[in-house]
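Numbered per full-length UniProt numbering, the sequence shown spans residues 1 to 398.
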Amino acid sequence: MFVLSSAPAAADAELAKRFPQCIEHLESQAIEAGVSSQTAGEVLAGAEYLERVIELDRRQPEFTTTFADYLNRRVNSDRVSRGRELLDQHEELLDRVTRKTGVPAPYLVAFWGLETNFGAYFGKMSVPSSLATLACDERRSQFFTEQLIAALRIIDEGAIPAEQMEGSWAGAMGHVQFMPTVFLRHAVDGDGDGKRDLWNSLPDAMMSAGHFLQDLGWDGDYRWGREVLLPQGFDYSLADGRRLPLEKWRALGVTDAFGNNLANEPIEAALVVPAGHRGPAFLAYKNFNVIMGWNRSEFYAIAVGHLADRIAGAGKLQNPPPEDMPALSRDNILTLQKALNEQGFDTGKPDGILGPNTRSAIRGYQSKNGLVADGYPGDTVLDALEVKLTSEASGSDT
Numbered sequence: 001m002f003v004l005s006s007a008p009a010a011a012d013a014e015l016a017k018r019f020p021q022c023i024e025h026l027e028s029q030a031i032e033a034g035v036s037s038q039t040a041g042e043v044l045a046g047a048e049y050l051e052r053v054i055e056l057d058r059r060q061p062e063f064t065t066t067f068a069d070y071l072n073r074r075v076n077s078d079r080v081s082r083g084r085e086l087l088d089q090h091e092e093l094l095d096r097v098t099r100k101t102g103v104p105a106p107y108l109v110a111f112w113g114l115e116t117n118f119g120a121y122f123g124k125m126s127v128p129s130s131l132a133t134l135a136c137d138e139r140r141s142q143f144f145t146e147q148l149i150a151a152l153r154i155i156d157e158g159a160i161p162a163e164q165m166e167g168s169w170a171g172a173m174g175h176v177q178f179m180p181t182v183f184l185r186h187a188v189d190g191d192g193d194g195k196r197d198l199w200n201s202l203p204d205a206m207m208s209a210g211h212f213l214q215d216l217g218w219d220g221d222y223r224w225g226r227e228v229l230l231p232q233g234f235d236y237s238l239a240d241g242r243r244l245p246l247e248k249w250r251a252l253g254v255t256d257a258f259g260n261n262l263a264n265e266p267i268e269a270a271l272v273v274p275a276g277h278r279g280p281a282f283l284a285y286k287n288f289n290v291i292m293g294w295n296r297s298e299f300y301a302i303a304v305g306h307l308a309d310r311i312a313g314a315g316k317l318q319n320p321p322p323e324d325m326p327a328l329s330r331d332n333i334l335t336l337q338k339a340l341n342e343q344g345f346d347t348g349k350p351d352g353i354l355g356p357n358t359r360s361a362i363r364g365y366q367s368k369n370g371l372v373a374d375g376y377p378g379d380t381v382l383d384a385l386e387v388k389l390t391s392e393a394s395g396s397d398t
């Protein structure tokens with residue numbers, strides 16, 4: 001594999017300097033992988049080093065996004081209204097995709113809405129240049145080399161000319177923002193013109209989205225999950241990813257969001273509390289995990305499911321997420337992880353990311369100290385562990 005300088009201070013300058021040599025190496029790799037020499041040569045000869053792409057790849061957000069901020073930005077009245085309009089406008093196409101793949105139309109429209117605001121913005125970066133730039137950077141060279149070679153194969157097959165292959169800075173493309181390797185495996189020709197065009201053909205894009213979800217294991221008999229109500233004194237340690245039959249959740253006093261009994265269905269679900277015990281609770285079914293196969297974010301999966309429900313006619317959440325929760329910085333989370341480790345609650349190596357291990361450690365700390373064990377770092381936990389927040393990250397868990 002071809003990699004460049006490892007010195008952080010000089011990496012960008014060194015990368016730009018050696019970019020032409022890296023391009024030569026990438027061209028050889030692409031040809032060895034089966035890309036035609038003409039496509040590899042012509043496309044990579046026109047690839048440019050994009051400093052902006054490196055900046056975006058290395059930028060880490062100072063503060064994490066709260067669930068309230070994430071959801072409210074993505075599932076709002078304008079997007080719901082537009083989604084309902086498009087559901088009606090493209091009813092015939094969407095019904096055809098549903099019959100073929102089993103994925104209901106509101107979910108297809110929800111993915112479309114979250115990925116590109118229903119085709120309003122695909123990204124303006126040259127995909128070959130973006131991926132070549134990232135492939136020549138040592139941080140994730142192997143991954144982006146694979147993506148670049150896949151992009152060249154897409155051009156080779158005639159799906160789209162290189163000069164029209166635009167997308168996000170990381171190479172996601174078209175109406176539903178497929179990465180090139182996902183395109184090769186899952187994109188299909190939905191309009192019968194012999195091409196897989198996710199930029200200019202909505203039938204191709206929607207059929208490809210349905211095909212991808214079908215391949216990920218979408219179960220057409222059930223929804224993604226649902227908002228639920230939890231009884232007083234509920235044991236939030238059960239929200240640790242474990243999957244239990246619906247009858248078990250019923251026995252624990254869990255109801256739907258309106259207080260009705262859960263359906264008598266032989267399925268399992270996991271409890272998800274994305275904003276801790278003060279926020280909404282959800283039972284996530286198998287399709288929740290399928291959505292996370294598209295994007296490994298619980299926030300994203302809930303947003304897709306909730307937007308799909310709203311587009312299909314459902315109302316807002318019965319228990320909306322509180323808007324005063326702390327937006328923690330990476331330094332805050334690092335401090336929290338170190339403090340938990342010191343007290344014997346293993347978060348793994350501190351990395352500034354509020355992942356499953358850290359949430360498990362928080363639950364352990366909360367249980368030992370008589371707190372609601374929801375795995376969420378509210379003010380009580382942060383204060384007790386002396387994690388000092390800036391004014392931008394203030395909130396309350398009381």
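Using N, Cα and C, we set each Cβ at its ideal position, and we do this for glycine too.
Start and end residues, beta strand (DSSP E) containing residue i
i, result
"glycine 364", "Where glycine 364 is concerned, there is no enclosing beta strand (DSSP E), although the alpha helix (DSSP H) it sits in stretches over 356-368."
"leucine 152", "No beta strand (DSSP E) contains leucine 152, which is instead part of the alpha helix (DSSP H) from 141-156."
"leucine 244", "243-245"
Range of the contiguous alpha helix (DSSP H) that encloses residue i
i, result
"phenylalanine 67", "67-74"
"alanine 45", "37-45"
"valine 80", "77-89"
"asparagine 341", "330-342"
"methionine 206", "202-216"
"glutamate 55", "51-58"
"valine 381", "379-384"
"threonine 347", "Counting along the chain, threonine 347 falls outside any alpha helix (DSSP H), and DSSP gives it neither H nor E."
"glutamate 115", "105-116"
Cβ-Cβ separation, residue j to residue i (assumed contact under 8 Å), whole Å
i, j, result
"valine 103", "glycine 220", "7 Å"
"isoleucine 154", "glutamine 29", "Actually they do not touch by this definition, with Cβ atoms about 16 Å apart."
"leucine 15", "cysteine 136", "6 Å"
"valine 304", "leucine 87", "No, valine 304 and leucine 87 are not in contact; Cβ-Cβ is about 15 Å, not under 8 Å."
"leucine 244", "glutamate 268", "6 Å"
"leucine 134", "phenylalanine 144", "4 Å"
"aspartate 204", "leucine 198", "6 Å"
"proline 266", "leucine 328", "Going by Cβ atoms, the distance from proline 266 to leucine 328 rounds to 39 Å, so no, they are not a contact pair."
"aspartate 256", "arginine 363", "Incorrect: roughly 25 Å between the Cβ atoms, too far for contact."
"tyrosine 285", "glycine 225", "5 Å"
"alanine 270", "arginine 242", "6 Å"
"valine 290", "leucine 216", "5 Å"
"leucine 213", "threonine 101", "7 Å"
"alanine 110", "isoleucine 311", "6 Å"
"alanine 172", "proline 128", "So it is not a contact: roughly 14 Å between Cβ atoms."
"histidine 175", "leucine 202", "7 Å"
Option in the options with minimal Cα separation from residue i
i, options, result
"alanine 251", "Ala257, Ala239 and Leu230", "Leu230"
"residue 447", "Ala361, Asn319 and Gly313", "There is simply no residue 447 to check, as the chain begins at 1 and stops at 398 in what is shown."
"alanine 373", "Val304, Arg278, Ala205 and Glu386", "Arg278"
"proline 320", "Ala47, Val43, Ala151 and Gly276", "Gly276"
"alanine 170", "Ser77, Glu55, Gly158 and Tyr236", "Glu55"
"phenylalanine 299", "Gly315, Asp309 and Val272", "Val272"
"serine 208", "Ser126, Phe288, Arg310 and Leu93", "Leu93"
"lysine 338", "Ile302, Pro350 and Val43", "Pro350"
"asparagine 72", "Arg359, Ile302, Asn369 and Ser360", "Ile302"
"phenylalanine 234", "Asn200, Leu371, Leu262 and Ile291", "Leu371"
"asparagine 332", "Val109, Lys248, Leu382 and Ala120", "Leu382"
"glycine 119", "Asp215, Gly167 and Lys195", "Gly167"
"lysine 368", "Asp57, Ser237 and Val176", "Ser237"
"glycine 192", "Phe178, Thr380, Ala159 and Asp57", "Ala159"
"glutamate 138", "Thr116, Asn264, Arg82 and Arg18", "Arg18"
"valine 43", "Asp379, Phe111 and Glu27", "Glu27"
"proline 180", "Leu131, Thr116 and Arg99", "Leu131"
"alanine 361", "Phe345, Glu91 and Lys388", "Phe345"
"glutamate 48", "Asp379, Thr380, Leu307 and Glu24", "Glu24"
Per DSSP, cross-strand counterpart(s) of residue i
i, result
"glutamate 225", "According to the sequence displayed, residue 225 carries glycine and not glutamate. Partner(s): Ala284."
"glycine 167", "Met125 and Met173"
"threonine 133", "Answer by DSSP bridge pairing: none, since threonine 133 is not bridged."
"phenylalanine 178", "Met173"
"aspartate 256", "Val228"
"phenylalanine 63", "Ser329"
CB contact below 8 Å: residue i versus chain B
i, result
"aspartate 156", "No chain B is part of this structure, which consists of one protein chain only."
Mind listing, in chain order, the continuous beta strand (DSSP E) runs of no fewer than 3 residues lying wholly within the stretch 268-312?
-> Counting only unbroken stretches of 3 or more residues, the beta strand (DSSP E) elements lying wholly within the stretch 268-312 are 268-272 and 281-284, in sequence order.
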